[in-house]
Amino acid sequence: MQSFAGPLAIKALGFAPMAAAALPALSYAATRYTSIGASIGFSNEFTTFSNASKNPFPQFQRSFAAEAQTATPAPTAAGAGAAAPAPVAPGVVAHPGIHDDIQKMNEREDTFFLMQPHYPDKAYLEGIKPFHRKPETFLDRTGYYGVKVLRSTFDFFTGYGKNMTEKKWLTRFLFLETVAGVPGFVGGGLRHLRSLRTMQRDKGWIHTLLEEAENERMHLLTFMEMAKPGTLFRSAVIGTQGIFLSLYTLFYAISPRHCHSFVSYLEEEAVKTYSHCLDDIDNGKLPAWDKIQVPEIAMKYWRLEEGASMRDLILAIRADELCHNHVNEVFAKLKNDDPNPFAPGTTIVA
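According to our numbering, the sequence shown is numbered sequentially starting from 18.
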């Protein structure tokens, strides 16, 4: 069998001078591309716009106001003149490109949050009320009636009704959040794979969807500090999650817009559920929660004020659900290749 090693080696040697000559040009082009991208508002995976005229979806951009986030200084590589990072433990050294001061990173427990919702405006929190967006298109109707079927089943298994106790509410919240964290993860994961498969930018959707998934998971972890579900409950969660994950993944692969419409109506129901809970608190039906201490994980995640009550926590969670409702309603109207109009960390619906 004829060997190709010789001809390939000769060709490689022939291309070497050409590659060396092209490197300065490629370096210059990369620098120009980066500077041009920064000047028109492109930043990594996200599409931000320097002014309204460049935003193809100004109506969506105006609908959301990004919360001020505490900026984390850019990491400095050890080889760029910075001192080598201090050992984290005997024989263990932090990666030089992560953080200059590993001790400060350990002290900040919010370092790894994709988003950290904060609602200092009490009037905004109190102004959120149950609502219903009437389904007008086929897309809306499939999402709406799909949620109706799911909600009926969900209400039956969680014992939801007019006379709710603290224990019943926690059971419902726990079950709700184990399911609510699935759509964002599935959507973000499938779009991530699509970006890899097509070798194209995702235009910012992945981050927002994963923010949603993490936020719903934080709801679950908060309520887990207040209730310890038994084996039967955990088994039901595993079964429900397995079924919902499989079906949602299949439908999202077929029609993402239908799935976002579905989640929009699902979050609409979540706003109603948490509003019902707030009414019970205000009417004195949940007296045990008047003295309960809000879990520390919730105090840090939502940056609640010292002495925050259970009512304050539910208000913040309801605001999160309204955010997810709006985001998915907008995503249901966009095409797969449209840029994400929401800035990272967006939480307020105007």
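Backbone N, C-alpha and C fix where the C-beta goes; we use that ideal spot for every residue, glycine too.
How is the alpha helix (DSSP H) around Trp306 delimited, first residue to last? From DSSP, Trp306 is part of no alpha helix (DSSP H); its letter is neither H nor E.
Indicate whether Leu237 and Gly198 have their beta-carbon atoms separated by less than 8 Å. yes
Between the region 279–291 and the region 325–343, do at least 3 Cβ pairs fall closer than 8 Å? yes
Is Glu183 near the ligand MN, with its Cβ less than 7 Å from a heavy atom? The ligand content of the structure shown is nil, which means the ligand MN is not present either.
By a C-beta neighbour count over all protein chains shown, 10 Å radius and 16 as the cutoff for buried, is Met235 buried or exposed? buried
Please list the terminal residues of the continuous alpha helix (DSSP H) segment that includes Gly204. Val199 to Thr215
Do you know offhand how far Val203's Cα is from Leu264's? 11 Å
Assess, as a yes-or-no matter, whether the region 319–328 is touched by the region 185–193 under the definition of 3 or more beta carbon pairs within less than 8 Å. no
The region 343–355 in contact with the region 262–282 per 3-pair CB rule at 8 Å: yes
From the DSSP output, in three-state form, read off Thr182 for me. coil
Any idea what DSSP makes of Phe348, helix, strand or coil? helix
Can you tell me whether Leu210 is buried or exposed, with buried defined as 16 or more other CB within 10 angstroms of its CB? exposed
Thr364, DSSP secondary structure in three states: strand
Compute the Euclidean distance between the alpha carbons of Leu156 and Ser326, then round it to the nearest angstrom. 39 Å
For Thr159 and Phe279, I'd like the C-alpha separation in whole angstroms. 7 Å
Using a 10 Å radius around the Cβ and a threshold of 16 neighbouring Cβ atoms, would you call Asp354 buried or exposed? exposed
Glu323 - DSSP class collapsed to helix/strand/coil: coil
Short check: CB of Phe240 to CB of Glu194, under 8 Å? yes
Residue burial classification, Pro385 (beta-carbon count within 10 angstroms, cutoff 16): Residue 385 lies beyond the residue range present for the chain, which begins at 18 and ends at 367; the question has no answer from this structure.
Could you round the C-beta distance between Arg150 and Glu286 to whole angstroms and report it? I think they count as a contact, below 8 Å. 12 Å between Cβ atoms; not a contact.
Compare the beta carbon distance of Val166 and Leu283 with 8 Å and say whether it is the shorter of the two. no
Residue burial classification, Ser281 (beta-carbon count within 10 angstroms, cutoff 16): buried
Leaving out five residues before and five after Ala305 in sequence, what residues of the same chain have Cβ atoms less than 6 Å from its Cβ? Glu183
For the alpha helix (DSSP H) containing Ser272, list its first residue and its last residue. Neither: Ser272 is in no alpha helix (DSSP H) and is coded neither H nor E.
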